[in-house]
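Below is one structure, written out as structure tokens; the observations come after it.
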Amino acid sequence: MACKDRTFYGGYTTDLSRRLKEHNRGTGAKYTRLQKRRPVKMIHAQHFATRSEATKAEAAFKKLTRKQKEHDLQTHPTDSLPEC
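Under UniProt numbering, think of the first position of the sequence shown as 1, with each following residue one higher.
Now the structure itself:
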């Protein structure tokens with residue numbers, strides 16, 4: 001997700017629409033609860049076969065620098081995004 005303060009947030013969910021709404025209501029992750037980060041916008045989604053694969057990808061993404069995250073977002077295919 002892209003936050004209002006121009007930062008990125010990545011996380012795991014089984015329901016993209018629900019999770020995006022939670023983040024924008026301020027009931028999502030602690031990181032996105034800050035008003036300066038909302039609203040957030042879904043800019044990328046990837047499907048993984050298992051939760052383990054998804055959480056490993058999430059952890060790897062969170063370790064990247066901003067520049068690396070931008071490159072990663074541009075080079076990996078995006079699954080369909082929810083309309084919220």
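Just so it is clear, CB atoms sit at the ideal spot from N, CA and C, and this is done for glycine as well. Note that the structure is predicted; figures quoted are calculated from it, not measured.
Determine the burial state of G28: buried for a count of at least 16 other Cβ atoms within 10 Å of its Cβ, exposed for fewer.
buried
Contact check, H44 vs T78, beta carbons under 8 Å
Contact: yes.
Quick one: residues in its chain with C-beta nearer than 7 Å to the C-beta of F61, no 5 flanking neighbours on either side, listed in chain order?
G10, K69, D72
If you reduce the DSSP assignment to three classes, tell me which class A45 lands in.
Here A45 sits in coil by DSSP.
Hey, out of T55, E22, V40, K21, whose CA is closest to D5's CA?
V40
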